[in-house]
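Here the protein sequences line up with chains A and B, keeping their order. FYI, in the working numbering the residues of the first sequence are 1 to 92. FYI, in the working numbering the residues of the second sequence are 1001 to 1251. Structure, as structure tokens:
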Amino acid sequence: MPKAAVSVYTTLRARLGFARRELEGSTVGDLIEALCAVKEPEIRKILLDDGGRVRGHFVLTLNSEMLDNAAARGVGIKDGDILHIFPPVSGG
Amino acid sequence: MLTEREFLRYARQIVLPGAGAEGQEKLKRTSVCVVGAGGLGAPCIAYLAGAGVGRLVIIEPGRLEPGNLHRQIIYRNEDSGFSKARSAAAFAARLNPEVKADMRIEPLEEGNAEHIVSDCDIVADCTDNFAARALINRTCVRLRKPLVYAAIYRFEAQLAVFMPGRGCLACQFPSVEEGTIRPDEGVAGPAAGAAGAMQAMEALKLAWGMEPDGHMLLMDLRNNEFAKARLRRLPGCPVCGGGANGKISGT
């Protein structure tokens, strides 16, 4: 199974207690499930809607390219990929 | 033409590759609208004034509170209770009398945004809420003004430059969840300072004619990690329309 680095920000980081973790998965969906499994059901509720889709206010980037949230789960993962998950922030 | 005094004042900047005396003259002819004079706006205003940007328009309705001072470093303790726009303009004038610092002690709103922004070359979004950011984005798209965006949360910051016709803030963040992140969750002063200074850097580069790199920078100053996300044009973006090349990359 490929290993990818997953970086999280803001509320996800606060709830998970880490900023980056190496996770295993063949797709972005696998990585998201692995992330949810770290702290069920809290992370799942934050990250996914009732249909299991990544909530619209989170941006996912794989190797610096933004993903379409609707299709993100099916995107393949290679060893060494880097997935970032972040929401917009508004502070100033 | 630059005066001898200006050559002396900006000597270390004029020798920069891509800047030069011509670049300094460009700065002198440039006006930057800084919306918000808080944690982001304070360092942004300071560096833009120091660099010799011709005109700053500082938009800030608030008064300085003691709780602002750990990060809003252009203000002094005795400025507490007074208009931040006024104090920021006074700071800019003290730092560099060559700069014209205009202040507007009012929020940017639907009723005044177009009028204020149309008079500026570059807009720096240094606000602290999604509603203001959305308004600034819409206004910049409508008026085809470059927008230098930054936002902060605790030790984290996001920075991007949105150029007319190349995607906008709403293309990156099609939806926000107002209330998820509260402004009272804290902010590290130097994180705001770094992001605000980088906004000034991006505005100067735009004025000098240097192309922005087309990415959003994610800064994590707790772990000193920096990442880039390529900016996208979202097909059917309700603000800018996305455009023909609006394919979401990476899918």
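A virtual CB, placed ideally from N, CA and C, is assigned to each residue, including glycine. Note that this is a predicted model, so its numbers are computed, not measured.
{"Check": "Taking contact to mean at least 3 C-beta pairs separated by less than 8 Å, is the region 1038 to 1045 of chain B in contact with the region 1010 to 1025 of chain B?", "Outcome": "no"}
{"Check": "Around the C-beta of residue 1008 of chain B, are 16 or more other C-beta atoms found within 10 angstroms, so that it is buried, or is it exposed?", "Outcome": "exposed"}
{"Check": "Can you find the residues in the same chain that come closer than 8 Å, C-beta to C-beta, to residue 1004 of chain B, ignoring five residues on each side of it along the sequence?", "Outcome": "none"}
{"Check": "If we ignore side chains and look at the alpha-carbon of each, how far apart do residue 1081 of chain B and residue 1058 of chain B end up?", "Outcome": "18 Å"}
{"Check": "Quick one: what's residue 1053 of chain B bridged to in DSSP?", "Outcome": "Paired residues: none, contrary to the question."}
{"Check": "Counting only beta-carbon separations shorter than 8 Å, does residue 56 of chain A have a partner in chain D?", "Outcome": "Protein chains A and B are contained in the structure displayed, whereas chain D is not."}
{"Check": "By alpha-carbon positions, which one of A:30, A:35, A:28 and A:25 ends up nearest to residue 18 of chain A?", "Outcome": "A:35"}
{"Check": "Closest Cβ-Cβ distance between residue 1127 of chain B and chain A: below 8 Å?", "Outcome": "yes"}
{"Check": "Anything in the region 1030 to 1062 of chain B with a Cβ closer than 8 Å to a Cβ of chain A? List those residues in chain order, please.", "Outcome": "1036, 1038, 1039, 1040 and 1041"}
{"Check": "I'd like the span of the beta strand (DSSP E) that includes residue 85 of chain A, first residue to last.", "Outcome": "82 to 86"}
{"Check": "Count the other CB atoms within 10 Å of the CB of residue 90 of chain A; is the residue buried (16 or more) or exposed (fewer)?", "Outcome": "buried"}
{"Check": "How many angstroms separate the CA atom of residue 1152 of chain B from the CA atom of residue 1015 of chain B?", "Outcome": "32 Å"}
{"Check": "Return the chain-ordered list of same chain residues with a C-beta closer than 6 Å to the C-beta of residue 55 of chain A, the five sequence neighbours on each side being excluded.", "Outcome": "49"}
{"Check": "What residue from B:1077, B:1056 and B:1073 has the CA that sits closest to residue 1066 of chain B's CA?", "Outcome": "B:1077"}
{"Check": "Identify whether residue 1076 of chain B lies in helix, strand or coil by the three-state DSSP scheme.", "Outcome": "coil"}
{"Check": "Quick one: is residue 1115 of chain B buried, meaning 16 or more other Cβ sit within 10 Å of its Cβ, or exposed?", "Outcome": "exposed"}
{"Check": "Less than 6 Å between C-beta atoms, sequence neighbours within five positions excluded: which residues of the same chain meet that for residue 1029 of chain B?", "Outcome": "1054"}
{"Check": "Does the region 1135 to 1147 of chain B come close enough to the region 1162 to 1170 of chain B to have 3 or more Cβ pairs within less than 8 Å?", "Outcome": "yes"}
{"Check": "Keeping to the same chain, check which residues put their C-beta closer than 7 Å to that of residue 1186 of chain B; ignore five residues upstream and five downstream.", "Outcome": "1154"}
{"Check": "Pick from B:1075, B:1049, B:1070 and B:1113: whose alpha carbon is nearest that of residue 1097 of chain B?", "Outcome": "B:1049"}
{"Check": "What residues from chain B crowd round residue 89 of chain A, counting only those whose CB sits closer than 7 Å?", "Outcome": "1151, 1152, 1153, 1156, 1158 and 1181"}
{"Check": "Between residue 1208 of chain B and residue 84 of chain A, what straight-line distance do the alpha-carbon atoms span, to the nearest angstrom?", "Outcome": "32 Å"}
{"Check": "What does a CB cutoff of less than 8 Å around residue 1106 of chain B pick up in its chain, not counting 5 residues either side in sequence?", "Outcome": "1059, 1061 and 1112"}
{"Check": "Mind listing the chain B neighbours of residue 26 of chain A? Cutoff is C-beta to C-beta under 8 Å, in chain order.", "Outcome": "Ordered by position in chain B, no residue passes the 8 Å Cβ test against residue 26 of chain A, which lies about 16 Å from the chain."}
{"Check": "Helix, strand or coil: how does DSSP classify residue 1118 of chain B here?", "Outcome": "helix"}
{"Check": "In the DSSP assignment, find the unbroken beta strand (DSSP E) run with residue 18 of chain A in it and report its ends.", "Outcome": "Neither: residue 18 of chain A is in no beta strand (DSSP E) and is coded neither H nor E."}
{"Check": "Which full runs of the alpha helix (DSSP H) of 4+ residues lie inside the region 1108 to 1193 of chain B, going along the chain?", "Outcome": "1110 to 1118, 1130 to 1143 and 1169 to 1172"}
{"Check": "On the three-state DSSP scale, how would you describe residue 58 of chain A?", "Outcome": "coil"}
{"Check": "Beta-carbon within less than 6 Å of residue 1140 of chain B's beta-carbon, same chain only, minus the 5 sequence neighbours each way: which residues are those?", "Outcome": "1123 and 1147"}
{"Check": "Pull out every residue of the region 31 to 50 of chain A whose Cβ sits closer than 8 Å to any Cβ of chain B, in chain order.", "Outcome": "none"}
{"Check": "Taking Cβ-Cβ distances shorter than 9 Å, what residues in chain A pair up with residue 1218 of chain B?", "Outcome": "7, 9, 61, 84 and 86"}
{"Check": "Tell me whether residue 1106 of chain B sits in a helix, a strand or coil according to DSSP, three-state version.", "Outcome": "coil"}
{"Check": "When the cut-off is 8 Å and only beta carbons count, does residue 1260 of chain B lie next to chain A?", "Outcome": "Nothing about residue 1260 of chain B can be reported from this structure: the residues present for chain B run from 1001 to 1251 only."}
{"Check": "Do you know offhand how far residue 1084 of chain B's Cα is from residue 1219 of chain B's?", "Outcome": "27 Å"}
{"Check": "Following the continuous beta strand (DSSP E) through residue 1021 of chain B, name the residue where it begins and the one where it ends.", "Outcome": "Taken as a continuous stretch (DSSP letters only), residue 1021 of chain B belongs to no beta strand (DSSP E), being part of the alpha helix (DSSP H) at 1020 to 1029."}
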